[in-house]
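First comes the structure, then the notes that go with it.
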Amino acid sequence: MTLKVVEHEQGEWAVLRVCGEMDLVTSPTVRQHVHEAVADGRRSLVLDLAEVRFCDSSGVGVLIAARRLMRSCQGRLRLILPAQGAVDGSHVNRVLAALGVRRLFEVYPDLDSATEETTDPLSA
C-alpha cells in the first residue's frame, strides 16, 4: 500500500489527512508536508491519521519530529485517531502506546473536535 496526503484548511487549522502506510519509504512525504505547512506560516496543524493502517518506527519518528517542530515555532499539533480506534486500539494508537510516546500528543476522535478550542483531547 502507498501513502497519500491530502491538505485542506478548517478555520485556522491546516489539516493533513494521511491515508495508507507510514513506513521508512513513505514517512518522508508526511515530514515534507508538515515542513511545507510551517514554511507557509501555519502554526496550527492537525494530522488526521484515521486512515493510516500501518505505522512503523520511522512513522513515529516523523510524528515526534512534527511535534518538536510545531513546539519550536510556538505552534500546535493535534492528531486524529477515530473514536472507535481510540477506544479499542487503532494500529497507530497501539504503536504510540507501546513506545511510550502516546502521552506526548493531543489526540482527538474526529476533525470537528480537533479543530474546536473547547474540546479536551482523549486521555492516553
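So for the sequence shown, my numbering puts the first residue at 1055; every next one is plus one. By construction, the Cβ of each residue, glycine as well, lies at the ideal position given by its N, Cα and C atoms.
Annotation for aspartate 1110: Asp1077 place their beta carbon closer than 6 Å to its own, counting only its chain and skipping 5 residues before and after. Val1059 is the residue among Glu1170, Phe1159 and Val1059 whose C-alpha sits nearest the C-alpha of glutamate 1105.
Separation of aspartate 1164 and leucine 1176 (C-alpha to C-alpha, rounded to the nearest whole angstrom) is 11 Å. Non-local C-beta neighbours of leucine 1153 in its own chain, meaning closer than 7 Å and more than five positions away in sequence, comprise Val1114, ordered along the chain.
When only Cα atoms are considered, arginine 1148 and valine 1069 end up about 23 Å apart.
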